[in-house]
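First the structure, in the form of C-alpha cells, and then the observations on it.
4 protein chains.
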Amino acid sequence: MTIEVGVLGYRFMGKAHANALSRLPMFFPDAPDVERSVLVGRDEEALREAADRLGFDSIATDWTDVVDEVDVFYNLGPNHVHAEPSVAALSAGTPVFCEKPLAPTLEDAERMADAALDAGVTNGTAFNYRFVPAIRYAKRLLDDGELGEIHHVRGRYLQDWLVDPDAPWSWRNDEEMAGSGALGDLGAHTVDLLRYLVGDDDLAGGMERVSGHLQTFVEERPVEGSDETRPVTVDDAYSAQVEFENGAMGTLEASRFANGHKNDHTIEIHGSKGSLRFSLERLNELELLREGDRGYETILVTDEDDPYVDHWWPPGHVIGWEHTFVHENYEFLRAVAEGDEFVPGFEEGLAAQRVLASIEESDERGEWVAIE
Amino acid sequence: MTIEVGVLGYRFMGKAHANALSRLPMFFPDAPDVERSVLVGRDEEALREAADRLGFDSIATDWTDVVDEVDVFYNLGPNHVHAEPSVAALSAGTPVFCEKPLAPTLEDAERMADAALDAGVTNGTAFNYRFVPAIRYAKRLLDDGELGEIHHVRGRYLQDWLVDPDAPWSWRNDEEMAGSGALGDLGAHTVDLLRYLVGDDDLAGGMERVSGHLQTFVEERPVEGSDETRPVTVDDAYSAQVEFENGAMGTLEASRFANGHKNDHTIEIHGSKGSLRFSLERLNELELLREGDRGYETILVTDEDDPYVDHWWPPGHVIGWEHTFVHENYEFLRAVAEGDEFVPGFEEGLAAQRVLASIEESDERGEWVAIE
Amino acid sequence: MTIEVGVLGYRFMGKAHANALSRLPMFFPDAPDVERSVLVGRDEEALREAADRLGFDSIATDWTDVVDEVDVFYNLGPNHVHAEPSVAALSAGTPVFCEKPLAPTLEDAERMADAALDAGVTNGTAFNYRFVPAIRYAKRLLDDGELGEIHHVRGRYLQDWLVDPDAPWSWRNDEEMAGSGALGDLGAHTVDLLRYLVGDDDLAGGMERVSGHLQTFVEERPVEGSDETRPVTVDDAYSAQVEFENGAMGTLEASRFANGHKNDHTIEIHGSKGSLRFSLERLNELELLREGDRGYETILVTDEDDPYVDHWWPPGHVIGWEHTFVHENYEFLRAVAEGDEFVPGFEEGLAAQRVLASIEESDERGEWVAIE
Amino acid sequence: MTIEVGVLGYRFMGKAHANALSRLPMFFPDAPDVERSVLVGRDEEALREAADRLGFDSIATDWTDVVDEVDVFYNLGPNHVHAEPSVAALSAGTPVFCEKPLAPTLEDAERMADAALDAGVTNGTAFNYRFVPAIRYAKRLLDDGELGEIHHVRGRYLQDWLVDPDAPWSWRNDEEMAGSGALGDLGAHTVDLLRYLVGDDDLAGGMERVSGHLQTFVEERPVEGSDETRPVTVDDAYSAQVEFENGAMGTLEASRFANGHKNDHTIEIHGSKGSLRFSLERLNELELLREGDRGYETILVTDEDDPYVDHWWPPGHVIGWEHTFVHENYEFLRAVAEGDEFVPGFEEGLAAQRVLASIEESDERGEWVAIE
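Chains as they are written, first to last, in my numbering: chain L, 46 to 417; chain R, 46 to 417; chain C, 46 to 417; chain H, 46 to 417.
Rendered as C-alpha cells:
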C-alpha cells in the first residue's frame, strides 16, 4: 500500500518535508511507500513550478478538494491557515501533520486538538527538534536518571534577521496571521523541547506557572516593493521564567534581534547528578557532564548506536538540520500506516500553546500565571 | 605619606585583598604606599597566624578600636557585619572599602550609603569584576557605541558547591547573617556589572522593573562536626527578568546548584550593531561581534594597550582572578590618597541592593516590581 | 538529454554518490538529468538489494560490459580496482569519476592520468572536501589576498577506528589492495585540499619537497568470522613536513589511532595578514582572522551568498557531510554535459599521488625528497 | 636561615622571578625564607630603578662579584650569558637556577651540565610550564596509565610578534646571542614538556630520532632608533617529526609568524585508552578523554586537590601565567634548602638542548638524525 500525501504549503516548510519524503526509501527502507500526490497553494504558476521541482503528481488551489481525497494531509501553511483545513481533514478521517505552532490562538489550538481527539486518526505537530539524534540521546540519558533530580532548565532560541529596522514586513510580523512573533515561532520549539526532555513526572514534571515578558523593538516595517510601512503587531523577542512541578526553575528566551545568531536554539539542563548543553547550530554535538565527571564532555552523537544514525553515515560524518525532518516524517508515516498514535500529536501542540498563551497573559497582567 | 590600612576579615576576602595590597609596589609603582597595619577578627589565635602570613603589623579583636585609628578601613567580614563597623568608620571620617553585597538588608545598605554621603570621604563597594581587563575593554567598546542600541542583556553566575545535599551549613545559608543566598552573593555581582556596562543613559539606561524568582532546593543542611542540621533560610538560586529604561530586556540568574560550573559568571549583550560575551572562567577572553562581522571574534585581552595589562606581562601571558583585586585596590587607594570619589562607591552598592530587594519583593508578590 | 550513469561499488561510497545523484533535481534544478542506470559489483544478491534501495535500473557483475555502454562511469571500488576499469572506460570515450586516492600506486595513477589525457573526455577525482561551502569560502578569501603571504599550513586528519588492536582486518590494511593506509585514505584528502587552497603561484605555490614518517602500530589483525589474523601491510598513521615554493612550511598528519576523533579533518593556514582554521566535524564553520582583527571570528558559513548555500536552507540551518557529494556531483555532471574539464580531475588526483609517493619514499630513505 | 639570592637579569624574566619570590611567604608558608639580595646588570641606572621596584637590597654590575657571595644564583640573562656566570657560580659551590634554553650552543650546555655534576649542588633549568597545575595533573594521569600506550604526541608553540616585517631587530634574532630563534626560545619549552609528560620508559620513552625543518621568513630587520637594518641569523619558525623509543610519533612546531596567536603553547597526546589537550592561553583547563568516554571533557583544574591549587583560591577562581613561576621557585628553593636535587636540572636542560641541536642538524643535512 502506498500512502498518498497532500501537502498545503510549498515554500520553506514545503521544501523541507518534500525533501524528507523523497529521502525515505534510500535511508529508511522500512518506511511506508509514499506518493507525493498533490501540492496545495494559491498561486497556480508558482505552485506548478514547485510541484515539478518537489516531485508532486498534481496541484490544487483549493484545499477543500484535497483533505478528504488523500491518505494524509500535511498542513505547512502560515499559522492562520492551520486550523480550518486541519479540522476539515480530521473530520474527513484523514490523518493530519501540522507545522508548529499549532495555531495562532489558543482557541484555534483547542479546536484542533478536539477535532483530532474526535477523529481518532493519527495526528502530529511538527516539532522536528525532538528528532535530532543528540536530543534523543539526551532524552535517553534523562530517562535513565543520569542527570538525577532536575534543578535548572534553560531554553534560548536566538536569530537576528529582524535586527535591521529596514528588514521587510512579513506575515510573521502580524498578529492576525501569526498569532505571536518570536514567542510562537521560536518559543513553541523551546517549550515543546523542554516538555519532551524533562516533562515526565519523575523528572521536572509539568510547567506549573510562568512569568513572561514580550517586547517589540521596531514598531513598523517597510513593505517590500512599495513605499508603505506596516505595523509590527507581534513580539520581536520574549523571555519567561518557569516553575516546574518538582520545583525546578526554567528560564526561556527567544529573539529575532540577537546579532550574530542565525538559528541558535540552545538547551541547558542541570540536575543533581549531571548537566547537559545542546546548540542547534552544532546539532551533531551534545555536551554532557555525568556523575563523577569534572567537566562537560563534548560528544559527537554520530555513532552507529546513536538514535537514527545507523541509517546514515559512519561515525564522525555529520548530518544537517534537514535530517530531523526525515526522522520526523519516518515516525509519523509509520504511525499512520499502523494506525498508531504519533507523539508529538495535536495534544502536545496544544500543551505548548497553553504555555505560550500563559506567557502572553503573564506579560499583559504583569504577574505570574498558572498553567492549566 | 603611607596609608595605614585596617582590615576586618582574614579568610577568603582578607587573603585576596592582602595579596592585592602586597603586589602594588612592584606592578603599580604609582600607587600610594600602603602599610598593612592591623588585622581585625575575633579568634585571636587564628588572627595572629593570619596576620603573620598576610603581612600585617598588628591585630585587634575589637573593630571599634580600629576604625578611627587607621587611614582606611576595609570591611571584609560576613554580610551582617558590614553595616555597623562601616558606619562607625565613616562617622570617624575614615574612608571605607566594603565587600559586596553592601549589606544583608536594603535598610542597612541605605544607612551605609547615607553615612558615606554624610562623611564625604572616599568609599567603595568591592565589585571587583568591574576591574577585569576584558570587562573594562568591553565598557570602552560600549561607550564608543560599537554595539549600537542595546536590545538584550544576560547575566548568569553559576556555581555548584551546594548541589550535594550533605554540603555543610554555613553563614551563607542564613538569612540573618547573609541577607540572601545566591541572589546577594552572586546576583549582586551580576547586577552591578550590568549597571556598569549598559546602565548609562545612552546605552540601556537604568533597570526600571523586575520580575524575580527565588528557590531553595535543600531545606536544611548538616552542621559540620555535629549531628545537627540547620535550616537554609536563603535562596539556593534565583532568576529574574529585567526591563531597562530604553526597552532592553534582561535575564538574570544565579545558582549554587549548577553542576559542572565552579565560578562561571557570564555576561552577554546584544545591540543593534554588535554583540559580546564574557565568562569569568576564561577571564582573559572577550567574544565580540562588531558591525560587519560574520561571527564572534575570540579576543585575548592581554595586549599592551588593554586596560591594566601594561602593568603585567607581555601579550598572551594570561592573568588570573586575583589580579582584579589588585586593579581594584589600586584605583581605590589612589582615590583615597587624592581625596577623590571612587566608583563603584556605596552609592553603587546601594543601587545594586535596590535591584536585589526588588527581585525578592517580586518573588514574594508574584508580580513585576518597579525599581525606585 | 538524460545522462546514464554506471556505478562500480555499492557500499559506503556507492550510497554517498547515489544519494547525491538523487538529490540533484530538487535542489540543483539546472543540473543535467541523470539516470542511475546500472550498478556494478560482484556479489549478485547484495548488488540486487543495493540497486533496489539506491534507485538503479539494473545491475551488472562485470564492469567490462558497462564502461562503454553508459554516458558516465563512476569508479567507487576499492583502490586496487581503480585503474583497470577507469582506463577501459576512458579508452571507450566514457567520462569517468573515480574515488580517491586515484590509485594504490603512482604507476597506476600515471597510467590513469595518461588515459584521461588521451581520451580527452571529462574526468574527475572525488576530492569532495573541495566542495564544502566553508572551504570554498576560504578559497575565495585566499584568492582575494585576505590572508596575505602564506607562511604556515597545517593539515591533520584524525580517526580512531583502529586504536583497538582487535578491530578486524580489512582491505584498507592491505598494501596490495589499498596501496597505503592512513596516508592514502586520509592524507590524499589533506594533500589535495592544501594544493587547492594555497597551491596557486601567488599563494604558497607547489609543494617542493617533503619529509615523511609512516608508522604501523599493530602488526596483524583478526579476520572477522575466523580464528586467523592477517598482517597489516600499510601505515596506521603518517606525518610529514612540507616546503612550498614560496618558502611556506607545512605539517601534515593522519591517524587511525587518534582516540576521541572520528572524522576530524582540520586545516589551518597562517598568512602575513590573517589566519584561518577549519574542522570537518564542524563543517558549517570557518574560523577566520582578518587583517586588523584581534582574534579568530567563528563564522557560520550558511548565508545565502555563501557557496552553494542558496540551494539549500536559510541561514543557520546547517548542512551535513553528505552535501559535499551533491555539490561535487553537480559540478562534475555539468562538466560532463558541457564536455568541459572538471577540476579536480585525474591530473589533480595524480598530483596528490605524487606527494603521497614522495612521503613514502622519504620515509624509506630517511631524508627529504623533492616532488617532481 | 634565610637564603640570599643573587639575580642576573632585570627585565621580563627578572620581574617574573622577583614576583615569584615575593609571593612565597603568603601562599607557600613552608618555603624557605628568601632575601632578594642583589640584582646584577650592566646599565646602572636602569638596574637601580629595577632593584628598587623588584625589592632587591643591592645591585652589582659585575657578576663575578656576586656568584660566590650569594646562597643561590639566578641566571636570567640572554642566552649567550648563560654559560660563563653559571659555571663560575657552580664552581664556587653556589646553587644555580638558569633560564631556558640552557645555552645557545650544545657545547655550552654540555659544559654547564658537567659543571653542575662536578659541583654537586642544586641546579635548575627554568622550564616553568612543568609547574602549571593542569600539566602536573596531566602527568599524574599519564603516570597512572590513564592514557594507555602512547601513540601520538604533538607540541606547538605559536606567537605572532615577528609577522610584521618591520618589527625591530633584537638579540633574539641573532645566532651569536640567542643560539637559535623560535627553536630555542619556544621549542625548548615544547621538547622539555613532552620529555616530562611522556618520556618515562613505560610511556613513550626517549626521543630517538628527529627530522627538522627551520625557516627564516624575513632576512633582515630594522634596528630601533636608527636607519640601519641587521640580518636575522636565526629561524623564525621550525617544525620537526620525532620518533620515540616505543614507536610513538611526535610532531613539533613553533613560530613567531602565526598571526592571531600570542602565546599559544599547545600539547596533545593520544594513547590507546585516552587522549588529552592543553593550551597555555587557557592554562587553567585540561581537555581529557578517558577510557569509555565519548568525547573530551573540559576540566577546570582549580579544585582543592589539584596540584598547587590549595595554596591559592577556591575552585573556579583561575590563576595566571605568573603562578607557574611561584610553583617553580617554591620547588627549587626547597631543594636548595634541603640540599636536594631539583628536576628539571641542568641535566634536563642539556637533554632538551640535544634534541634542539639534532633538529638543527637534521635541517642542515636534510635527513633524520639520531638523538644520542
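A virtual CB, placed ideally from N, CA and C, is assigned to each residue, including glycine. Note that the coordinates shown come from a computational prediction; the quantities given were computed from them, not determined experimentally.
Test item: CB-CB of residue i and residue j under 7 angstroms
| i | j | result |
| --- | --- | --- |
| ALA179(H) | PHE323(H) | yes |
| GLY319(H) | LEU334(H) | yes |
| LEU135(L) | ALA161(L) | yes |
| TRP312(H) | VAL243(H) | According to the sequence displayed, residue 312(H) carries Ile and not Trp. Contact flag unset, no. |
| ALA249(H) | PHE289(H) | yes |
| ASP338(R) | GLU342(C) | yes |
| LEU207(R) | LEU401(R) | no |
| GLU392(R) | ALA158(R) | yes |
| TRP216(R) | ARG275(R) | no |
| PHE176(R) | GLU373(R) | yes |
| VAL381(R) | PRO140(R) | yes |
| SER300(R) | LEU203(R) | yes |
| PHE101(C) | PHE377(C) | no |
Which listed residue (the options) has its alpha carbon closest to that of residue i
| i | options | result |
| --- | --- | --- |
| GLU336(H) | ALA164(H), ASP189(H), LEU228(H), ASP163(H) | ASP189(H) |
| VAL79(H) | ALA105(H), ARG379(H), GLY384(H), GLY244(H) | ARG379(H) |
| ALA434(H) | ASP408(R), GLU417(R), HIS356(R), GLY411(R) | No information on residue 434(H) is available, as it lies outside the stretch 46 to 417 that chain H covers here. |
| ILE48(C) | ALA415(C), PRO74(C), SER82(C) | SER82(C) |
| TYR375(C) | PRO77(C), MET46(C), GLY51(C) | PRO77(C) |
| HIS127(L) | VAL117(L), ARG410(L), ALA148(L), ALA133(L) | ALA148(L) |
| ASP107(C) | ALA95(C), ASP88(C), LEU228(C) | ASP88(C) |
| ASP209(C) | GLY193(C), PHE142(C), GLY305(C) | GLY305(C) |
| ALA164(L) | ARG181(L), ALA133(L), GLY193(L), ASN173(L) | ALA133(L) |
| HIS425(R) | VAL363(H), HIS372(H), GLY193(H) | Chain R is shown only over 46 to 417; residue 425(R) falls outside these bounds and no answer can be derived. |
| GLY365(H) | ARG240(H), THR261(H), ASN173(H), ALA299(H) | ASN173(H) |
| ASP245(H) | GLY51(H), VAL279(H), VAL277(H), LYS184(H) | LYS184(H) |
| TYR353(C) | ARG181(C), THR261(C), GLU144(C) | ARG181(C) |
| ASN218(R) | THR278(R), THR235(R), PRO74(R), CYS143(R) | THR278(R) |
| ASP237(L) | LEU395(L), GLY51(L), GLU405(L) | LEU395(L) |
| GLU417(H) | ALA105(H), GLY270(H), SER403(H) | SER403(H) |
Cβ neighbour criterion (16 or more within 10 Å) applied to residue i
| i | result |
| --- | --- |
| VAL268(L) | exposed |
| ARG266(L) | buried |
| ASP153(L) | buried |
| ARG410(L) | exposed |
| GLY138(L) | exposed |
| THR235(L) | buried |
| GLU383(C) | exposed |
Partner residues on chain B for residue i, Cβ-Cβ distance less than 8 angstroms
| i | result |
| --- | --- |
| ASP309(H) | Looking for chain B here will not work: the only protein chains present are L, R, C and H. |
For residue j and residue i, believed in contact at Cβ under 8 angstroms, the rounded distance
| i | j | result |
| --- | --- | --- |
| GLU253(L) | ALA415(L) | 7 angstroms |
| ILE321(H) | GLU330(H) | Inspection of the sequence shows that residue 321(H) is occupied by Leu rather than by Ile. With 8 angstroms as the limit, LEU321(H) and GLU330(H) do not qualify as a contact, their Cβ atoms being about 11 angstroms apart. |
| ALA65(L) | PRO146(L) | With 8 angstroms as the limit, ALA65(L) and PRO146(L) do not qualify as a contact, their Cβ atoms being about 20 angstroms apart. |
| ALA95(C) | LEU84(C) | 6 angstroms |
Problem - Segment contact, 8 angstroms Cβ cut-off, at least three pairs: the region 283 to 292 of chain R with the region 257 to 266 of chain R - result: Counting C-beta pairs with one atom in each stretch, the region 283 to 292 of chain R and the region 257 to 266 of chain R have three or more that are closer than 8 angstroms, which means they touch.
Exercise for the section: Determine contact between the region 160 to 180 of chain H and the region 290 to 306 of chain H, defined as no fewer than three beta-carbon pairs at a distance below 8 angstroms. Expected result: No: the two stretches stay apart, fewer than three of their Cβ pairs being nearer than 8 angstroms.
Exercise for the section: Please confirm if the region 194 to 202 of chain H is in contact with the region 97 to 113 of chain H, defined as three or more CB-CB distances below 8 angstroms between the two stretches. Expected result: The region 194 to 202 of chain H, when compared against the region 97 to 113 of chain H, does not touch it at the 8 angstroms Cβ threshold.
Exercise for the section: Give a yes or no on contact between the region 121 to 131 of chain L and the region 52 to 71 of chain L, applying the rule of three or more CB pairs nearer than 8 angstroms. Expected result: Touching, per the Cβ criterion.
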